[in-house]
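For the sequence shown, full-length UniProt numbering gives the first residue as 1, with consecutive numbering after it. In this text, a Cβ means the ideal position worked out from N, Cα and C, and glycines have one as well. Here the structure is a predicted model, which is why all the values come from computation and not from measurement.
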Amino acid sequence: MVRALAAAGADLADVGIIAPYRSQVRAIRAALDAATASSSSGGGADLSSVELNTADKFQGRDKGTVLVSFTRSNAQGRVGELLRDRRRVNVMLSRAKAALVLVGSARTLERGCDVLAALVAAVRRRGWLVELPPDALSAAAQ
């Protein structure tokens, strides 16, 4: 997604990624660093200027474009304590000035808690939900 934003001419310094868990932040940072390293020889975008942090660290900050990684995906709808915290969810959803992209399992989120269920319902009602095929991640990696 970040590469697509860069290709579309987005100022990556005005792009933020928020994840609820530090371990997810570290995993995303590693992926961005690897993508930068692999594309630098071909003149690709430097993805390291994207600000990436947890909701707690993003408090009081905003960006033109924000991507939210909800991290959790399971059939039981277990979203964990951090995603049940309305204040943290509010921070994740209110940091974008122009564009907000939510990445996660709609099925898990709508089973997780009332706030997330309402969010998924609103996204569905507006026709904003994009469902990816099961092999989307493996196809993108190739």
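Residue i and residue j closer than 8 Å at C-beta
| i | j | result |
| --- | --- | --- |
| Phe58 | Gly104 | no |
| Lys66 | Leu32 | A quick correction: the sequence has Val, not Lys, at residue 66. Taking 8 Å as the Cβ cut-off, Val66 and Leu32 do not qualify as a contacting pair. |
| Arg87 | Ile18 | no |
| Val50 | Val15 | yes |
| Asp62 | Lys97 | yes |
| Leu12 | Leu47 | yes |
| Val89 | Val123 | no |
| Thr54 | Arg22 | yes |
Assigned exposure category for residue i - 16 Cβ within 10 Å defines buried
| i | result |
| --- | --- |
| Val130 | exposed |
| Ala106 | buried |
| Ala8 | exposed |
| Leu83 | buried |
| Pro133 | exposed |
| Gly60 | exposed |
For residue j and residue i, believed in contact at Cβ under 8 Å, the rounded distance
| i | j | result |
| --- | --- | --- |
| Leu109 | Val120 | 5 Å |
| Arg29 | Leu52 | 6 Å |
Cutoff 8 Å: residue i Cβ touching any chain C Cβ
| i | result |
| --- | --- |
| Gly112 | Here there is only one protein chain, and chain C is not present. |
Cβ shell of residue i (< 7 Å), same chain only, five flanking positions each side left out
| i | result |
| --- | --- |
| Ala35 | Arg3, Leu47 |
Jot down the residue ranges of each uninterrupted beta strand (DSSP E) in the region 80 to 139, minimum 3 residues, whole runs only, in chain order. Counting whole runs of 3 or more residues, the region 80 to 139 contains the beta strand (DSSP E) stretches 96 to 103.
Which full runs of the alpha helix (DSSP H) of 4+ residues lie inside the region 33 to 64, going along the chain? Those alpha helix (DSSP H) runs which fall completely within the region 33 to 64 and span 4+ residues are 55 to 58.
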